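What follows is a single structure, written as structure tokens, with notes after it.
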DNA sequence: CCATACCTCTGACTTTAGTCAGAGAATTGC
DNA sequence: GCAATTCTCTGACTAAAGTCAGAGGTATGG
């Protein structure tokens with residue numbers, strides 16, 4: 015059986031067993047579309063555009079669904095203070111009660127899947143589900159080239175700065191570092207990648223492409239919530255390919271000794287530790303990797 | 015995170031990533047309901063009632079969908095020769111062509127899930143999916159008490175006979191065995207269980223409950239296609255419970271040396287090999303297990 | 001051979017789901 | 001300050017999904 019066959023088989027079993035039940039459980043008292051919306055609004059509330067985006071629905075349709083939930087007294091819709099074009103939906107007390115019902119049903123569905131199995135089988139099912147969940151999530155992450163000044167990119171860079179400030183023994187002051195302005199990481203002198211999961215930025219990585227010098231990786235960061243999905247490795251592969259396309263045959267980077275997981279990643283991706291090639295004040299280790307220029311076919 | 019939380023998380027990721035795409039891919043040219051129907055008819059054809067049952071749809075609705083597929087020249091509907099009330103749906107050549115499109119899309123969906131991952135991740139995803147598939151399938155199997163004369167039960171018993179005839183060194187003649195008539199395995203002197211997957215019988219097990227004597231397991235069989243799902247163990251657990259409820263404190267069984275997997279199962283379920291307690295001509299091993307009467311609370 | 005049950009179909013519906021083209025407010029870029 | 005853009009909403013639709021109550025053949029058990 016090929017990999018594709020195995021995935022197909024999985025799809026079939028799962029859409030039958032989970033998918034159908036899921037909609038069925040969810041939509042007992044009201045149309046599934048409304049229930050799904052209620053579910054996505056959640057206890058913390060959401061912007062209308064977020065809901066539209068997330069569920070992939072027409073704006074008019076969402077508006078109508080919200081109106082229906084509003085007349086049933088389950089939600090309130092109010093303009094967002096910062097930007098009064100955007101409207102925020104929140105559950106009322108009645109809405110929260112209804113949400114609790116959905117929540118309980120979701121539990122019931124989960125239990126009904128486990129119930130016929132014995133202890134050992136349950137443990138194995140849960141472990142396998144966690145693995146599938148992790149890997150499907152990993153496969154859902156997209157990598158896009160983005161201007162470093164865009165809000166998504168800025169969010170990542172701020173998170174990067176905050177994290178290294180916390181973790182470096184000496185703290186971190188971007189102005190003292192060798193790349194004070196991430197703006198250098200835009201074409202033609204560089205590339206900046208942002209990883210997104212369901213539209214939310216969850217990681218970034220920059221590549222400096224100085225003329226006639228080795229390419230250099232800077233400002234790589236992965237959101238703690240998405241670590242363990244192989245995102246770092248994916249960034250490295252992607253940047254290596256772009257550097258190669260640009261005609262570079264060496265890729266290098268420097269890093270701080272506090273970032274042990276990253277150092278392990280560099281080793282396992284084929285980077286070799288080398289002598290310092292710059293005087294970055296925050297660096298303790300310098301790495302280099304020979305890369306092959308892609309053949310044009 | 016509890017097991018239920020893990021399952022819920024899985025449900026969410028999977029219905030989002032697989033479920034939605036599945037319907038989307040499937041229903042590009044025609045309504046999903048029609049596409050689903052076409053998909054279920056498959057190259058071999060199906061009875062209308064089977065389709066209705068499987069998809070859980072109203073009989074009038076299915077009829078209408080079939081009419082629509084028929085006017086599009088994709089299927090033919092004809093009475094079944096054995097029972098002319100039942101009608102059988104078959105794909106025409108055009109229908110088969112359309113089916114092939116769905117088939118290709120199903121492949122594409124599977125590929126799109128694997129595509130963003132690296133080799134190692136793909137292998138792990140496929141392995142985890144296979145495990146989830148297996149265990150969800152196992153959880154879908156139902157065990158019902160059935161009269162041994164019912165068609166489902168007879169199907170299983172015939173399969174049992176055919177298999178042991180094949181596997182026993184000496185062949186197998188039911189008339190020479192100690193239980194020539196499975197009819198004894200009905201209340202109040204016994205129980206007969208049939209396991210079903212999507213309504214199809216995939217296994218059976220009988221329990222003799224002689225007054226004042228140990229309960230005895232007979233005629234346990236699992237369809238080769240569903241082996242490895244822990245069905246044998248589930249039968250044993252279920253029958254043990256029923257024997258205990260009946261007030262028995264010993265459960266026993268005999269078996270042939272050719273059935274090595276079964277013998278391993280009995281050992282691992284807490285059965286002890288004992289001296290022959292009957293003169294079943296086809297038995298080489300006799301097993302016994304003390305069971306505890308359930309407390310009434 | 002007759003009552004009963006079974007299976008599928010038709011007609012007449014309702015409800016959901018979803019689309020499309022603007023209108024009207026609020027914000028942003030120049 | 002004005003044009004362009006963004007965001008949400010309404011009206012006016014269409015298509016799909018699904019339900020319900022029979023009608024009319026076909027088998028089955030006595």
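Protein chains in written order, with our numbering: chain B, 15 to 311; chain W, 15 to 311. Backbone N, C-alpha and C fix where the C-beta goes; we use that ideal spot for every residue, glycine too. Note that the coordinates shown come from a computational prediction; the quantities given were computed from them, not determined experimentally.
> Are three or more beta carbon pairs between the region 252-262 of chain B and the region 204-219 of chain B nearer than 8 Å?
Replying inline: yes
>> Among 267(B), 276(B), 85(B), whose alpha-carbon lies nearest the alpha-carbon of residue 227(B)?
In response: 267(B)
> What residues of chain W sit near residue 281(B), judged by a beta carbon separation below 7 Å?
Replying inline: Within 7 Å Cβ-Cβ: nothing; residue 281(B) doesn't reach chain W, min ~16 Å.
>> Against chain W, with Cβ distances strictly below 8 Å, would residue 131(B) count as a contact?
In response: yes
> Assuming residue 132(W) and residue 246(B) make a contact with CB atoms under 8 Å, what is their CB distance in whole Å?
Replying inline: Going by Cβ atoms, the distance from residue 132(W) to residue 246(B) rounds to 12 Å, so no, they are not a contact pair.
> Out of 90(W), 69(W), 190(W), 23(W), which has the shortest C-alpha to C-alpha gap to residue 12(B)?
Replying inline: The first residue shown for chain B is 15 and the last is 311, placing residue 12(B) beyond what the model contains.
>> Considering only the alpha carbon of each residue, which of 115(B), 92(B), 111(B) lies closest to residue 40(B)?
In response: 115(B)
> Considering only residues of the region 53-128 of chain B, which uninterrupted alpha helix (DSSP H) runs meet the minimum length of 4 residues and lie entirely inside it, listed in chain order?
Replying inline: 62-69, 73-85, 107-128
>> Beta carbons nearer than 7 Å to chain W: which residues of the region 91-118 of chain B have them?
In response: none
> Are the C-beta atoms of residue 44(B) and some chain W residue less than 8 Å apart?
Replying inline: no
> Given that residue 121(W) touches chain B, what residues does it touch there, using C-beta distances under 8 Å?
Replying inline: 18, 22
>> Using DSSP's beta-bridge definition, name the partner residues of residue 181(B).
In response: None, per the DSSP bridge assignment.
>> Would the region 65-75 of chain B count as touching the region 136-152 of chain B if we require 3 or more Cβ pairs under 8 Å?
In response: no
>> Which runs of the beta strand (DSSP E) at least 3 residues long sit entirely within the region 215-283 of chain B? Give them in chain order.
In response: 229-236, 264-269
> Between the region 139-162 of chain B and chain W, which residues of the former have CB atoms less than 7 Å from a CB of the latter, in chain order?
Replying inline: 139, 140, 142, 143, 144, 145, 146, 147, 149, 150, 151, 152, 153, 154
>> I need the straight-line Cα distance from residue 218(W) to residue 293(W), nearest angstrom please.
In response: 23 Å
> So which residues on chain W does residue 258(B) lean against when the C-beta distance must stay under 9 Å?
Replying inline: By Cβ distance, chain W contributes nothing, its closest Cβ being about 17 Å from residue 258(B), past 9 Å.
>> If I measure Cβ to Cβ from residue 123(W) and keep anything under 6 Å in the same chain, skipping five residues before and after, which residues do I get?
In response: 35, 39
>> For residue 31(B), would you say it is in contact with chain W, using Cβ-to-Cβ distances shorter than 8 Å as the test?
In response: yes
> Going by other Cβ atoms of all chains shown within 10 Å of its Cβ, with 16 needed for buried, is residue 230(B) buried or exposed?
Replying inline: buried
> What does a CB cutoff of less than 6 Å around residue 94(W) pick up in its chain, not counting 5 residues either side in sequence?
Replying inline: 100, 102
> At least one CB of chain B closer than 8 Å to the CB of residue 199(W): is that the case?
Replying inline: no
>> For residue 17(B) and residue 45(W), I'd like the C-alpha separation in whole angstroms.
In response: 29 Å
>> Residues of chain W with CB closer than 9 Å to the CB of residue 242(B), please, in chain order.
In response: Within 9 Å Cβ-Cβ: nothing; residue 242(B) doesn't reach chain W, min ~11 Å.
> How big is the Cα-Cα spacing for residue 180(W) and residue 160(W)?
Replying inline: 26 Å
> Is the shortest distance between the beta-carbon of residue 36(W) and the beta-carbons of chain B less than 8 Å?
Replying inline: yes
> In chain B, what lies closer than 7 Å to residue 27(W) by C-beta?
Replying inline: 147, 150, 151
>> Cβ closer than 7 Å: which chain B residues qualify as neighbours of residue 125(W)?
In response: 18
>> I'd like the span of the alpha helix (DSSP H) that includes residue 146(B), first residue to last.
In response: 133-154
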